[in-house]
Every structure is written in C-alpha cells, then in structure tokens.
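Per the numbering used here, the sequence shown starts with residue 16, numbered consecutively.
Cβ coordinates follow ideal geometry from the N, Cα and C atoms, glycine included.
Keep in mind it's a predicted model, so treat the numbers as computed, not measured.
I have placed the structure first, in the form of structure tokens, so that the comments after it can refer back to it.
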Amino acid sequence: MKSLILTTMLSTLLSHGANTSTAPLVKVRPPVPASCPSLNSLITQGLDYVAPMFIAWVGVKENSYYDTKDNWTLVMFDPTNETKGRVAMQQLVKDLKIAQNQMGPTWDNDLQAYGCTYQDKDNNLFVAAITPSIYSE
16 MKSLILTTML
26 STLLSHGANT
36 STAPLVKVRP
46 PVPASCPSLN
56 SLITQGLDYV
66 APMFIAWVGV
76 KENSYYDTKD
86 NWTLVMFDPT
96 NETKGRVAMQ
106 QLVKDLKIAQ
116 NQMGPTWDND
126 LQAYGCTYQD
136 KDNNLFVAAI
146 TPSIYSE
C-alpha cells in the first residue's frame with residue numbers, strides 16, 4: 016500500500032512541476048547515503064507547496080540537503096480535513112513533528128533512487144525523502 020501511495024504521489028508531482036526534461040536518468044546506482052535526513056531538519060526546512068489529492072493533501076519540498084551530503088525531495092501524504100492550502104501546509108508541518116523514522120535509506124528499483132520513510136504511530140501520515148532529488152537544481 017505504501018508503495019502504491021508513493022508511486023501515485025510521485026506521478027502527481029511529476030505532472031505538477033518536476034523538471035524531468037533536464038534531470039539526468041540514473042544509469043548507475045549512486046552510493047548509499049550515509050543517513051536519512053533527521054526529522055528535525057525536515058521540520059526546520061518546511062515545505063515548498065501543498066496540493067489536494069484524493070482525500071488528503073500532498074506536501075513537497077523540492078530540493079534540500081537537510082543535514083546530509085545528499086540532495087533530497089521530501090513528499091508527504093496527510094489525510095487532513097483542511098480545505099485551504101495555506102492551512103493545510105501549516106497542518107502538514109505540524110503533523111511532521113509527530114512522525115518517526117521507519118526505514119532507510121533503501122534503494123527502490125522503480126524510482127531509481129534511495130528513500131527514507133517516516134510515519135506517525137497511527138499510520139495516517141506518510142513521509143518519504145528521496146535522493147537523488149526528483150527535481151533538477
């Protein structure tokens with residue numbers, strides 16, 4: 016289910032602004048990142064934008080190194096009932112504070128990227144940090 020959510024989110028993001036025309040295709044697997052971004056660094060950086068998707072909001076931070084040496088894209092899926100984008104963005108950042116690191120960094124063959132996942136204890140919030148970033152710098 017998480018893989019389906021992530022794939023759907025990434026498809027949506029790619030159709031809403033990711034610059035794939037200049038992004039190089041990953042042909043050789045890059046080195047494994049030394050660590051996942053810390054939750055504190057994710058919270059500090061915030062989000063670039065949010066978009067409604069199905070019964071939830073998707074939040075995105077396009078490019079950040081956070082507290083690592085790798086460039087990441089952050090994607091959040093949060094089933095909040097907010098109806099306004101600005102309020103939803105504030106809610107997503109607030110909800111990120113209750114997340115916990117679940118897994119990573121792990122390689123995903125479909126995405127051709129490493130990912131780190133974070134969730135809340137109720138499994139409502141889903142967060143993924145992906146490197147190399149899906150957005151060109």
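Local conformation of residue i per DSSP, three classes
| i | result |
| --- | --- |
| residue 100 | helix |
| residue 137 | coil |
| residue 89 | strand |
| residue 142 | strand |
| residue 123 | strand |
| residue 47 | coil |
Start and end residues, alpha helix (DSSP H) containing residue i
| i | result |
| --- | --- |
| residue 78 | Run containing residue 78: none in the alpha helix (DSSP H); it sits in the beta strand (DSSP E), 71–79. |
Endpoints, beta strand (DSSP E) assigned at residue i
| i | result |
| --- | --- |
| residue 60 | Not the beta strand (DSSP E): residue 60 falls in the alpha helix (DSSP H), residues 54–60. |
| residue 114 | From DSSP, residue 114 is part of no beta strand (DSSP E); its letter is neither H nor E. |
| residue 64 | 64–68 |
Best match in the options for proximity to residue i [C-alpha to C-alpha]
| i | options | result |
| --- | --- | --- |
| residue 133 | 99, 106, 118 and 123 | 118 |
| residue 105 | 150, 139 and 73 | 73 |
| residue 44 | 52, 140, 121 and 99 | 121 |
Span separating the alpha-carbon of residue i from that of residue j
| i | j | result |
| --- | --- | --- |
| residue 37 | residue 148 | The predicted position of residue 37 is uncertain, since its pLDDT is 46 and thus under 50; no value can be drawn from it. |
| residue 101 | residue 47 | 35 Å |
| residue 57 | residue 67 | 21 Å |
| residue 50 | residue 137 | 25 Å |
| residue 115 | residue 82 | 16 Å |
| residue 113 | residue 89 | 16 Å |
| residue 70 | residue 125 | 25 Å |
| residue 145 | residue 87 | 5 Å |
| residue 135 | residue 107 | 12 Å |
| residue 99 | residue 140 | 18 Å |
| residue 142 | residue 91 | 4 Å |
Q.
Taking contact to mean 3 or more Cβ pairs, one atom from each stretch, closer than 8 Å, check whether the region 75–87 and the region 55–63 are in contact.
A. yes
Would you be able to state if there are at least three C-beta pairs under 8 Å between the region 94–102 and the region 119–135? no
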